[in-house]
Amino acid sequence: MNCTDRQVPRAYNDIFVITAVYRATASTTTADCRAGQYDTNTYWSQKVDDGATLLCLKAYD
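Start counting the sequence shown at 9; every next residue gets the next number (this note's numbering).
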């Protein structure tokens with residue numbers, strides 16, 4: 009699989025796009041991924057670099 013694929017591999021069910029990368033704190037959550045109070049998109053997040061960085065992810069449509 010590469011970044012230009014349009015089909016999800018059989019073993020998986022979603023392709024995610026990284027929408028933002030933030031410096032994380034102990035209280036940083038997925039809610040910090042929203043672009044503003046009216047952003048109704050569904051986001052996922054993952055803390056990396058021993059919790060120092062928050063990756064914000066959105067399912068590819």
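Glycine is no exception: its CB is placed at the ideal position from the N, C-alpha and C atoms.
Considering only Ala67, Thr12, Asp13 and Val56, the residue with the shortest C-alpha distance to Thr36 is Val56. In the displayed model, Thr27 falls within a strand according to three-state DSSP.
Ranked by Cα distance from Arg42, the options Cys11, Thr27 and Ala34 are led by Thr27.
In this structure, the alpha-carbon of Ser53 lies about 7 Å from that of Leu62. Measuring C-alpha to C-alpha distances from Ile23 to each of Thr12, Tyr30, Asn49 and Arg31 identifies Thr12 as the nearest.
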